[in-house]
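In the UniProt record's numbering, the protein residues as written are 1 to 158.
Here a beta-carbon is modelled for each residue, glycine too, at the ideal position from N, C-alpha and C.
First up is the structure itself, then whatever we jot down about it.
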């Protein structure tokens with residue numbers, strides 16, 4: 001029970017940090033590097049699967065990634081870019097905070113439901129995959145939108 005509570009507190013802390021990071025990022029122009037680096041850095045967490053305690057079945061991998069992709073839709077819908085002075089900025093969405101905490105609450109409920117049937121390590125592995133699937137899908141969508149606007153800026157300068 002301690003680990004479930006501790007991991008929930010850490011997840012809530014990470015959500016608060018994400019809100020501040022997102023608000024700060026809106027003040028600077030977006031770039032390809034800023035879009036692709038977060039999932040790249042997060043991918044190093046996959047090393048957890050080298051340890052048997054975190055390993056999950058392939059069906060659980062597919063389930064977790066699928067839920068992550070579904071959750072990403074909320075983030076994709078609230079991620080908009082705008083062009084200011086020939087630079088592309090991510091517009092901070094007022095709904096982002098509510099979506100982030102809503103997803104956190106759903107994850108906590110799911111963790112409590114799943115945590116009673118599978119081990120803490122496997123639950124951790126599944127929620128890593130869920131988060132990775134969500135962030136990767138969201139960032140791919142952001143990259144696509146960004147590149148479309150970058151073409152638009154480039155053509156308007158010619």
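Leaving out five residues on either side along the sequence, give the residues of the same chain with a beta carbon under 7 Å from the beta carbon of residue 92. Excluding sequence neighbours, residue 92 sits near 22, 23, 26.
Beta bridge counterpart(s) of residue 89 as assigned by DSSP: 82
What's the C-alpha gap between residue 104 and residue 80? 22 Å
Within 8 Å, do at least three Cβ pairs link the region 55-69 to the region 126-142? yes
Helix, strand or coil for residue 55? Go by DSSP, reduced to three states. coil
Between which two residues does the alpha helix (DSSP H) containing residue 158 stretch? Unbroken run through residue 158: none, as it is neither H nor E.
Between residue 121 and residue 53, is the Cβ-Cβ spacing less than 9 Å? yes
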